[in-house]
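Asker: Residue numbers (the numbering used here), protein chains in the order written: chain A, 102 to 208; chain B, 49 to 158. Before I ask anything, here is the structure I am working with.
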């Protein structure tokens with residue numbers, strides 16, 4: 102089956118810093134999503150991004166499907182950005198999640 | 049729209065007991081799925097359904113049954129709970145590849 106990897110596994114930032122999270126996948130996929138799981142466990146859609154670049158406020162994402170990776174950029178980080186960021190790929194009929202990047206933003 | 053709802057929020061079971069986790073969506077999505085999330089890990093797919101009457105296994109289906117009699121509902125059944133099934137369970141529905149998750153059910157099997 103497909104392998105989905107995320108890096109880094111953990112990231113600690115000072116409020117106001119920028120960061121880049123990476124998602125690599127081992128096979129062609131139908132689409133890719135980024136999620137934020139907040140400290141209360143809720144999963145929140147960030148981007149549906151099978152290819153190209155999208156931006157939503159301080160967050161943006163880029164997927165290069167031909168090279169099998171996606172990047173999530175967080176600019177001017179805030180403490181509310183803390184949590185775990187997952188990428189998930191749609192592979193056939195299945196959705197496969199990466200292991201996540203745990204982000205801690207310090208005040 | 050309520051989106052994706054799950055009940056109960058919390059449940060404690062004894063080994064060997066059975067229970068059903070409920071999931072409902074009001075977005076008329078054809079695709080629905082169940083995941084489990086264990087501490088420090090990502091989500092793993094248990095079962096999924098591409099429409100009423102159609103279900104299939106995901107990555108970790110053993111110990112779980114599902115059925116899909118309507119578009120709205122997709123219950124997950126544990127026939128004989130085991131401690132290894134202690135986890136947080138998420139239900140999701142999907143449209144055009146975008147998944148929407150319920151709030152989760154936290155299950156403890158003693």
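Just so it is clear, CB atoms sit at the ideal spot from N, CA and C, and this is done for glycine as well. The structure displayed is predicted, hence computed values, not measured ones.
Tell me the rounded alpha-carbon separation between residue 134 of chain A and residue 103 of chain B.
Answerer: Their backbone Cα atoms lie some 23 Å apart in a straight line.
Asker: Under 7 Å, CB to CB, which of the residues in the segment 125 to 145 of chain A have a partner in chain B?
Answerer: Listed by position along the chain: 131, 132, 134, 142, 143, 144.
Asker: In chain order, what are the residue ranges of uninterrupted beta strand (DSSP E) at least 3 long that sit wholly in the segment 82 to 139 of chain B?
Answerer: With a minimum length of 3 residues, the continuous beta strand (DSSP E) runs that stay inside the segment 82 to 139 of chain B are 91 to 99, 102 to 105, 112 to 114, 124 to 126.
Asker: CB residue 149 of chain A to CB residue 131 of chain A, shorter than 9 Å?
Answerer: The answer is no: Cβ separation not under 9 Å.
Asker: Give the interface partners of residue 146 of chain B over in chain A, defined as CB-CB distance under 7 Å, in chain order.
Answerer: Neighbours of residue 146 of chain B on chain A, chain order: 134, 146, 149.
Asker: For residue 145 of chain B versus residue 52 of chain B, is the C-beta distance shorter than 9 Å?
Answerer: No. Outside cutoff.
Asker: Have a look at residue 177 of chain A and residue 155 of chain A and give me their C-alpha separation to the nearest angstrom.
Answerer: Cα to Cα, the separation comes out at about 17 Å.
Asker: Quick check on residue 128 of chain A: does DSSP put it in helix, strand or coil?
Answerer: It is coil, neither helix nor strand.
Asker: Only counting runs of 3 or more residues, tell me where the beta strand (DSSP E) segments fall wholly within the segment 133 to 183 of chain A, in order along the chain.
Answerer: List check, beta strand (DSSP E) in window: 144 to 149, 153 to 157, 160 to 165, 170 to 175.
Asker: Quick check: the Cα distance between residue 103 of chain A and residue 192 of chain A, rounded to an integer number of angstroms?
Answerer: For residue 103 of chain A and residue 192 of chain A, the distance between alpha carbons rounds to 8 Å.
Asker: Which value, in whole angstroms, describes the spacing of the CA atoms of residue 147 of chain B and residue 146 of chain A?
Answerer: Cα-Cα distance, rounded: 8 Å.
Asker: Going by C-alpha distance, which of A/105, A/159, A/179 is nearest residue 124 of chain A?
Answerer: It is A/105.
Asker: Could you check what DSSP says for residue 104 of chain A in three-state terms: helix, strand or coil?
Answerer: In the structure shown, residue 104 of chain A sits in coil (DSSP, three-state: anything other than H, G, I, E or B).
Asker: Out of A/180, A/181, A/173, A/208, which one is the CA nearest neighbour of residue 201 of chain A?
Answerer: Answer by Cα proximity: A/173.
Asker: Per DSSP, what kind of secondary structure is residue 141 of chain B in: helix, strand or coil?
Answerer: Reduced to three states, the DSSP call for residue 141 of chain B is strand.
Asker: Name the residues in the segment 181 to 204 of chain A whose C-beta lies less than 8 Å from a C-beta of chain B; which are they?
Answerer: Residues 187, 189, 191, 194, 195, 196, 197, 198, 199, 200, 201.
Asker: Near residue 185 of chain A, which residues of its chain fall below 8 Å by C-beta distance, leaving aside the five closest residues on each side in sequence?
Answerer: Counting only Cβ-Cβ distances below 8 Å, and skipping sequence neighbours, we find 137, 138, 201, 202, 203, 204.
Asker: What distance in whole Å lies between the Cβ atoms of residue 155 of chain B and residue 137 of chain B, which are believed to be in contact at a cut-off of 8 Å?
Answerer: Yes, they are in contact, since the Cβ atoms of residue 137 of chain B and residue 155 of chain B sit about 6 Å apart, within 8 Å.
Asker: Which ranges does the beta strand (DSSP E) cover as unbroken runs of at least 3 residues, wholly within the segment 56 to 86 of chain B, from first to last along the chain?
Answerer: 58 to 61, 67 to 73, 79 to 85, all fully within the segment 56 to 86 of chain B.
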